[in-house]
Each structure stands twice: as structure tokens, then as C-alpha cells.
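Participant: I have a structure I would like to understand better, so I am pasting it below and will then ask my questions one at a time.
Number of protein chains: 2
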Amino acid sequence: MSSLKDLAKLTNTSISTVSKVLNGKGRVSEKKRREILEAAKKLGYTPNYHARSIATKRRVLTIGLIVPDIVNPFFAMLTRGVQKMCGEDILVILMDSFRDLEREEKLIKKARFQGAEGLIIGNSRVNDELIKEISQYIPVVVFDKEYDYENVVSVVLDNYYGAYLATKHLIEVGCKKIVHLGGTHELYVSIKRMEGYEAAMREAGLQSKVYPVGYDEKKGYEQMKKLLSRGEQIDGLFCMNDLVAIGAIRAIKEKGLRIPDDIAVIGFDDDQELCEILSPSLSSVHQPVVEMGEVAARLLFELIRKEIKIKRYIFTPRLVIRESSLRKR
Amino acid sequence: MSSLKDLAKLTNTSISTVSKVLNGKGRVSEKKRREILEAAKKLGYTPNYHARSIATKRRVLTIGLIVPDIVNPFFAMLTRGVQKMCGEDILVILMDSFRDLEREEKLIKKARFQGAEGLIIGNSRVNDELIKEISQYIPVVVFDKEYDYENVVSVVLDNYYGAYLATKHLIEVGCKKIVHLGGTHELYVSIKRMEGYEAAMREAGLQSKVYPVGYDEKKGYEQMKKLLSRGEQIDGLFCMNDLVAIGAIRAIKEKGLRIPDDIAVIGFDDDQELCEILSPSLSSVHQPVVEMGEVAARLLFELIRKEIKIKRYIFTPRLVIRESSLRKR
DNA sequence: ACTTTTTGAGAAAACGCTTGACCACCTTTT
DNA sequence: AAAAGGTGGTCAAGCGTTTTCTCAAAAAGT
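So the protein sequences, as listed, match chains A and B.
Each residue of the first sequence is one higher than the one before, counting from 3 in my numbering.
Each residue of the second sequence is one higher than the one before, counting from 3 in my numbering.
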């Protein structure tokens, strides 16, 4: 990499002159200007952003956003919310961990050495110790899990309540044999959703049945197919997210069963565009994701400026009932 | 913001000692160490990343990725591809323009002052002059449009051919009155798709009918509803992307028409997860988006290192036929 | 008690850049 | 011809770090 020094040497001028030419400041003769510009091109000079940044004392605030899967609409919308709050002057470095735990850990550890002054971690599976450690160095906002560390703020949806609402709704439309296709037990979100489901079932005196599945359409399809083919009795299905629900629906249709009459289905996340597009349209527990992203970013800024007031921000979910669960009793 | 200097002053030590403590290097007495750590906490010291970066001469390569809409799966997948190629050590600053032209321009202009050493611009509507100008300062990789500027590389899908393929397919399954729901005329992609459609129609001696619509489900729905309600004769529909197709399908269903028997529909982009989920599943022109993202990133690196060989990289689309167009003649 | 080694701490250069102060030289004015 | 003003350019300080070198003081060895 070439520097101003190199350019100055090459053109027999001083560093300051070169700098002035390149920035269009001060007065410099046309001749020298040309020479310098030419030399710059020849050496392929690029200004060192860091040096400039420190010389001008202009600090560009940079935050890191770590998501497990940017293609998942949930995280895409989260990202959108964060970006909205960041405007044009705060930088967001996006890191997709591809649901790879090892990669996620590396990303988290490296972030602060890469300029991030704060971290928003969407739905993580890394252990608490790492969060604790990293939060000693830079502030962290996490989703869907509450921590009691000083520099960590949680933005969570009340997953328990959302699951409870969904399950109760299924019960109300007359389902008796309600199954829950859940996520892995590593994830706080999954656990809470499972608990909410179980609570509603218990309350109604029904027996709960939980199958850990995963997060995508394929997993939902496979699991549901398996369940149906071994003759499991199901008339209601609460899925841990919309994608799983969609997969399950595919399996149900393939089996020739009707939705919602044979099996009523409800998802979680409420990716509106997706849910409404489907036929039958998919009932789901709505999370105000974009808003959550905005709040996360705002809280992170406050945390960075050390003017934080709260430790967590809880959003309350809302049930969106569509065709997939609207059964006439 | 506090600096090492402040800490040194506060603890009556030197800058170097403070630095050593904070980095756990060299030897420092336990007493001083404590004092310094405490002061650091008190002042809320955060190391200046830029200063460190320049002192250690470690340059973190940073690139900017500008997309019009991260929630759109196309761009989400693009992002994923870019991230894949970037691994853990190259930083991606993501900027969502929210399809706001003004914002997009600002983002592009600012990027280089914010540390980006290269720019990947996904599907832009900004004028060529801006691209030309900015590419004098930092290398640019663009999608879907070919430029003849020195520092710009294009990664494009052969949109013309894709549209041609799709239209021809509709013709082959027996459609006669094929309508194209297109994007705006500002976008190169849209134009190419329209041209491909028109070419195929001309070739078959059919009359083309193009309606500029937009990019999302709602727009597709509204336009199609309008067309149907005014009694337009349609038996085939080529949509400029999947979302528009989905909206159109909703309108068609609402009208009580069958797909593909009354109207065969085909989309563009082939967001697999989405297309397969639908019923009927949606035929679409497939773009290898993730791969395109990877290639874009790779080319950008080469451009930054000035070892670029090519000016553009063309991907050839492939038709994925599913239920929505599979009509028995 | 004297030398040698270890330990703790500071001074200073360097990283690449910006910027205000400064200075020669050349014009123009009076 | 002297003063005043304009050019074109250099010097040097400063931004916040890291890191090597140096040095004094304390600890250990003789």
C-alpha cells in the first residue's frame, strides 16, 4: 500500500502538498497538481481511512450485527429495523454466522477488533460466558434471552405468552390432540415457546407432545411426514416458526388431509408477506420485528453512550388468525 | 471519549504503561494494574480502533454492500453469498437503501469515507454518472447492468434470455394471450426482461402486452385484479419476479380462475423456498443468487488488489418448471 | 557489601494523515 | 523604490495507539 509519503517522494514535494491536492484544499499550481494526481494513479494510492479518521477526529460509529441466517425473513427484518435506526451515519457491519456456532463465536470475539463499538446479537446459541466476557469490552444487545450482566441489554418478545396464546387458540377452535413442533433445546426462544405451549395444554387438561425439529421448511416437512406416516393422531399443530409450519403443511396436504378441518395449524413469527400468500393463509404469532430491530439499535446507542436506563425491553406478541386455524366448530 | 493520555494523567503513569496494562503485555505491578483498570472503567475508556489499526499496521479489509431491500430474499441471498466469500476477516458493511433513491446516493457517496475499500451495489437506480464518479475512488461491482468504466465490474444474469425462456415455455404449453407484468422502466433488469419477453412473442407471431407494475406482492395483486376486472383476455402470465407473480396468483384465485389451466403463471428469481411452498408451486426463472454474490465479492477483491482480468461475468438462467405453468395441452 | 539479574516504568519513534502557521518569491499598488 | 498583497509551497504539531529501547530501583546472588 502506498502512502502520502511515497507520493511526496515520487513527485519531489512534501506530504502536505500531496494531501492538499488529493483533498482539493489549499492552493497548488496546476503543474504540480497534475504530477501528483498522475503519481497517485500510478501507485494506485488509496487513502488510509483509519489514519484520516484519527487525524480529523471524526469518529464513525460502527456497530456489529450478528445473525444466524440473513435469508430468514425474521433476521432480514431485524436488520432492516437496525438499519432504519442507524440512518446514514452509523455503520452496520453485518455478520451472518450461517448457524455455525464456531463461526458465531469467532465473529463475536473478533468484532471489537474490527471496529465495532457495540454488538447486536440476534438469537444466539453461544454460551453465556462468552457474552459475559465480550460485554466487558463492548456493549451488547441480545434478543430473546435475558442476561444479568452489566453491559448487556435484552430485547425480547414474550415467547412464552405467544405460544400460550397460539395453543389456547387451537384449543378454542376445538383441537384436542395438539402437537408442538419445536426448535432445539439449546435455544432460549424454543424453550419458552415450548413452555407456553405446555402451560396452555396443562390448563386445558390436554396432554402435550413436543417434537424438536429445527428451523426450516424442510425439517418441518420431514418431521410431519414421519409423524403422519406412523399414524400419529393429530388435529392441531403449533409450530415454532412459520417455515416449519409451511413444511408441515406440505406434508399434511400430501397426505390428503385438509387444513384446518383435519388439522389446524399455527406458526410463529408472522412473516406477513409469507403467511398471507399461502393458501390456506397461515395463522401466526406476530412479532413486531422491524420495531424490535429499531429498539435494539436505540438501546445499543444508549449503552454505548452509557446513558442506559433499562436492562430489558419486552414486546408482547399478538395473535394473527388466518385460514389455517379458522375452523368452524 | 477518553484516551490513554487521560488514563495516564489520572493514574500518574505514562501512556505506555497504560497501554501495556490494557493489552496485558509487558510487566506492570499489581497495584498499578488495578489502579489503571479502575480508572479505565471509571472513564469508560474504549480503545480507539482507528489509532490502534494504524499503529499496528493491521488493515482490516472492509467492503460496502448496498441493497435496495434486505427483506427481499433475492438480496438476502446475495448478501449471504458475499458474506460467504468474505469469511471472518473481511468486513461487510451492509446498507439498505429502502428503495429510496436519495438515500442510496448518499450511501454510495459516503461509503468511502466510512472505510469501505470497495463497493458492491445490488440493483441500483442511481444514474451512471455517480457510478462513474465513485469508481474513480473505489472499485465497484454492480449487478444487472454493464458499465464501461475502468474500475467497475458487472455481474449479471442474462435477463433477456431468462425472460425469453420463460415466455417461450408459456407459448409451448399453449398460451396465446400472454401478458407481462414488468418492473419500472428505470431498471435495466426490467427492461431486459421485457425485451426477452417481447422477442419470444414476436418470434411466435403473438402480440405482446406489457404492464409496468413494481416489485412486490401487493403491486402484483392490484395490477392483476385491475386487469381481470376489466375483462382483459389472458391465458398466460410472465411476471418480472416471484413476488409479483404471487400477488397476481392471489388475484387470479380470487376471481375463481384456475392455475395453470385458465392462466399459466411464471415468475422470475426462483426463490426456491418460496416457490415450492406455494400451491400451486410456482414456475420461475432461476438465478444462482448466492453464487452470484460470491463471485461479486471475489471480483471485488481482485479489483481492489488491481489484478482484475474481466469486465463482466454473465450467469445463464435456467428455467424451473413447476405446477403453475404445467398445463397439459 | 558488591555485583549481577530481574522487574517496573517511562521516553520516544512510528503509523498515515490533516491543518494551521509560516515563509519565500513574485506581483501589484502607491 | 518601498510597502502591501498574492501565490505556491513547506514545516511541524497533533490525532491515539503500539512497541522498542533505555534506565533506575529492587531483588537476588556472591
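Ideal Cβ positions, reconstructed from N, Cα and C, are used throughout, including at glycine.
Keep in mind that this is a model prediction, so the values were computed, not measured.
Return helix, strand or coil for A/D271, following the three-state DSSP convention.
Facilitator: Stepping through the first sequence from its first residue, residue 271 of chain A is reached at position 269. It is a strand residue.
Participant: Looking only at its own chain, which residues have a Cβ that is under 6 Å from the Cβ of A/N153, when we skip the five neighbours before and after it?
Facilitator: Reading the first sequence from its first residue, position 151 is the one you call residue 153 of chain A. Closer than 6 Å at Cβ, skipping near neighbours: S137 and P141.
Participant: Any beta carbon of chain A sitting closer than 8 Å to that of B/S55?
Facilitator: Here residue 55 of chain B is taken as the residue at index 53 of the second sequence, counted from 1. Yes, B/S55 counts as interfacial toward chain A.
Participant: Compute the distance between the beta-carbons of B/L63 and B/L93, then report whether it is under 8 Å.
Facilitator: Indexing the second sequence from 1 puts residue 63 of chain B at position 61. Indexing the second sequence from 1 puts residue 93 of chain B at position 91. Going by C-beta atoms, B/L63 is nearer than 8 Å to B/L93.
Participant: So A/H52 contacts chain B; which residues on that side make the cut at Cβ distance below 7 Å?
Facilitator: Position 50 of the first sequence, counted from the first residue, corresponds to residue 52 of chain A. Within chain B, the residues near A/H52 are H52, S55 and I56.
Participant: Based on Cα-Cα distance, which residue from A/E119, A/A253, A/G66 and A/L9 lies nearest to A/R307?
Facilitator: The count along the first sequence starts at 1 and reaches residue 307 of chain A at position 305. Of A/E119, A/A253, A/G66 and A/L9, the residue nearest in Cα terms is A/E119.
Participant: Start and end of the alpha helix (DSSP H) containing B/R232?
Facilitator: For the purposes of this step, residue 232 of chain B is taken as the residue at position 230 of the second sequence. From DSSP, B/R232 is part of no alpha helix (DSSP H); its letter is neither H nor E.
Participant: Report the rounded CA-to-CA distance for B/D150 versus B/K194, giving the unit in angstroms.
Facilitator: As a working note, residue 150 of chain B is residue 148 in the second sequence. As a working note, residue 194 of chain B is residue 192 in the second sequence. Approximately 18 Å, taken between the alpha carbons.
Participant: For the beta strand (DSSP E) that B/T186 lies in, which residues bound it at each end?
Facilitator: Start at 1 with the first residue of the second sequence, and residue 186 of chain B comes out as number 184. It is not in any beta strand (DSSP E) - B/T186 carries neither H nor E in the DSSP assignment.
Participant: Quick one, which residues of the region 70-82 of chain B are near chain A if we go by CB-CB under 9 Å, in chain order?
Facilitator: Within the region 70-82 of chain B, the residues whose Cβ lies closer than 9 Å to some Cβ of chain A are D71, I72, V73, N74, P75, F77, A78, M79, T81 and R82, listed in chain order.
Participant: Check each candidate in B/I251, B/L103, B/V144 and B/L96 and name the one with the smallest Cα separation from B/D335.
Facilitator: Residue numbering for chain B in the displayed model covers 3 to 331; residue 335 of chain B lies beyond these limits and cannot be assessed.
Participant: Quick one: does B/Q2 have its CB under 8 Å from some CB of chain A?
Facilitator: With chain B represented from 3 up to 331, any question about residue 2 of chain B goes unanswered, as that position is not in the structure.
Participant: Can the beta-carbon of A/Y51 be found less than 8 Å from the beta-carbon of B/G117?
Facilitator: Along the first sequence, read from residue 1 onward, the residue named residue 51 of chain A stands at position 49. Along the second sequence, read from residue 1 onward, the residue named residue 117 of chain B stands at position 115. Yes, they are a contact pair.
Participant: What are the residues of the region 101-114 of chain A that lie near chain B, defined by any Cβ-Cβ distance shorter than 9 Å?
Facilitator: So the close ones are R105, K108, L109, K112 and R114.
Participant: Tell me whether A/C277 sits in a helix, a strand or coil according to DSSP, three-state version.
Facilitator: Within the first sequence, numbered from 1, the residue matching residue 277 of chain A stands at position 275. It is helical.
Participant: Tell me A/S285's beta-bridge partners as DSSP assigns them.
Facilitator: Within the first sequence, residue 285 of chain A is the residue found at index 283, counting from 1. Partner(s): A/I268.
Participant: Let me check one thing: in DSSP terms, what residues is B/T318 bridge-paired to?
Facilitator: Counting from one through the second sequence, the residue named residue 318 of chain B turns up at place 316. DSSP, once it has assigned bridges, lists no residue as partnering B/T318.
Participant: Counting only Cβ pairs nearer than 8 Å, list the residues of chain B close to A/T186.
Facilitator: Start at 1 with the first residue of the first sequence, and residue 186 of chain A comes out as number 184. In chain order: nothing, as chain B lies at least about 20 Å away.
Participant: Which stretch, first to last residue, makes up the alpha helix (DSSP H) that contains B/V84?
Facilitator: In the second sequence, residue 84 of chain B corresponds to position 82, counting from 1. Residues P75 to C88.
Participant: On the CB-based measure, 16 or more other CB atoms within 10 Å of its CB, does B/T318 come out buried or exposed?
Facilitator: Against the second sequence, residue 318 of chain B aligns to sequence position 316. Result: exposed.
Participant: Give a yes or no on whether the C-beta atoms belonging to A/M79 and B/V73 are separated by under 8 Å.
Facilitator: Taking the first residue of the first sequence as 1, we reach residue 79 of chain A at position 77. Taking the first residue of the second sequence as 1, we reach residue 73 of chain B at position 71. Yes, they are a contact pair.
Participant: Is there a Cβ from chain B that is less than 8 Å from the Cβ of A/L280?
Facilitator: As a position in the first sequence, residue 280 of chain A is number 278, starting the count at 1. Interface residue, yes.
Participant: Is the distance from the Cβ of B/V292 to the Cβ of B/R82 below 8 Å?
Facilitator: The residue you call residue 292 of chain B lines up with position 290 of the second sequence. The residue you call residue 82 of chain B lines up with position 80 of the second sequence. Yes, Cβ-Cβ distance for B/V292 and B/R82 is below 8 Å.
Participant: What separation, rounded to the nearest whole angstrom, lies between the Cα atoms of B/Y217 and B/E304?
Facilitator: Position 215 of the second sequence, counted from the first residue, corresponds to residue 217 of chain B. Position 302 of the second sequence, counted from the first residue, corresponds to residue 304 of chain B. About 32 Å.
Participant: Kindly indicate which three-state DSSP category A/T169 falls into: helix, strand or coil?
Facilitator: Here residue 169 of chain A refers to the residue found at position 167 of the first sequence. The answer is helix: DSSP assigns A/T169 an H, G or I state.
Participant: Determine, using beta carbons only, whether A/V191 and A/G222 come nearer to each other than 8 Å.
Facilitator: For this step, residue 191 of chain A is matched to residue 189 along the first sequence. For this step, residue 222 of chain A is matched to residue 220 along the first sequence. No, they are not a contact pair.
Participant: For B/R43, does the three-state DSSP call read helix, strand or coil?
Facilitator: In the second sequence, the residue the question calls residue 43 of chain B occupies position 41. In the sequence as presented, Arg is not what sits at residue 43 of chain B; that position holds Lys. In this structure, B/K43 counts as helix in the three-state DSSP scheme.
Participant: Determine whether the Cβ of A/G46 lies closer than 8 Å to any Cβ atom of chain B.
Facilitator: Your numbering for residue 46 of chain A matches position 44 in the first sequence. Closer than 8 Å: yes.
Participant: My output table needs one value for A/F100: the three-state DSSP class, helix, strand or coil.
Facilitator: Numbered from its first residue, the first sequence carries residue 100 of chain A at position 98. Here A/F100 sits in coil by DSSP.
Participant: So, are the CB atoms of A/S379 and A/E325 less than 8 Å apart?
Facilitator: Residue 379 of chain A lies beyond the residue range present for chain A, which begins at 3 and ends at 331; the question has no answer from this structure.
Participant: Can you check which of these residues, B/K228, B/A298 and B/I323, is closest to B/K257 by C-alpha distance?
Facilitator: As a first step, residue 257 of chain B is located in the second sequence; it is residue number 255 there, counting from the start. For B/K257, the nearest C-alpha among the options comes from B/K228.
Participant: Is there a C-beta anywhere in chain A that falls below 8 Å from the one on B/L93?
Facilitator: For the purposes of this step, residue 93 of chain B is identified with residue 91 of the second sequence, where counting begins at 1. Cβ-Cβ to chain A under 8 Å: yes for B/L93.
Participant: Who does A/L239 pair with in a DSSP beta bridge?
Facilitator: In the first sequence, the residue the question calls residue 239 of chain A occupies position 237. Bridge partners of A/L239: A/V181 and A/V267.
Participant: Is B/L12 helix, strand or coil when you go by DSSP?
Facilitator: As a first step, residue 12 of chain B is located in the second sequence; it is residue number 10 there, counting from the start. Three-state DSSP puts B/L12 in a helix.
Participant: B/Y223 by DSSP, collapsed to three states: which one?
Facilitator: Along the second sequence, one-based indexing puts residue 223 of chain B at 221. Helix.
Participant: For a quick check, are the C-beta atoms of B/K147 and B/E296 less than 8 Å apart?
Facilitator: Counting from one through the second sequence, the residue named residue 147 of chain B turns up at place 145. Counting from one through the second sequence, the residue named residue 296 of chain B turns up at place 294. No.
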